[in-house]
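Reviewing the structure listed below.
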Amino acid sequence: MTHETKDKARQELLARFGYVCAICGRAIDRALPYRHPEGLTLDHIRPRSIGGTNDLSNLQLAHGRCNLERDRIRLGRVARRVGVL
Ligand SMILES: [Zn+2]
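To convert, count from 1 in the sequence shown and add 74; that's the working numbering.
Right, dumping it as structure tokens:
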């Protein structure tokens, strides 16, 4: 996903939903930098690794922390399923 496409998607989602995390439902502080744990990130609802697309319908806005936490939970689930954990 190019920078430009990402920017466009982010703008589109912000226009639709505003600065609200789709995972926890709390507001996202727009003053925070992109890499901040509470900052705004672009999240793939269905992860790219399992065939999710970069289509707007598969994207949502989330806190960096929520985005990561969800990935961690998902990875744990997969690991348990295949017997790694
Ligand atoms: Zn959140």
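Note that beta-carbon positions come from the ideal geometry of N, C-alpha and C, so glycine has one too. Values in this document were obtained by computation on a predicted structure and should not be read as measured data.
- Under the three-state reduction of DSSP output, Val94 falls in the strand class.
- In this structure, DSSP gives Leu142 a helical state, which the three-state scheme calls helix.
- In this model, Gly92 and Val156 are separated by some 38 Å (Cα to Cα).
- Linking Asp81 to Arg154 through their CA atoms gives a straight-line distance of about 36 Å.
- The Cβ-Cβ distance between Gln134 and Ala96 falls below 7 Å.
- Beta bridge pairing from DSSP links Gln134 with Asp117.
- Put simply, the residues with a CB less than 6 Å from any heavy atom of ligand 1 are Cys95, Ile97, Cys98, Arg100, Ala136, His137 and Cys140, in chain order.
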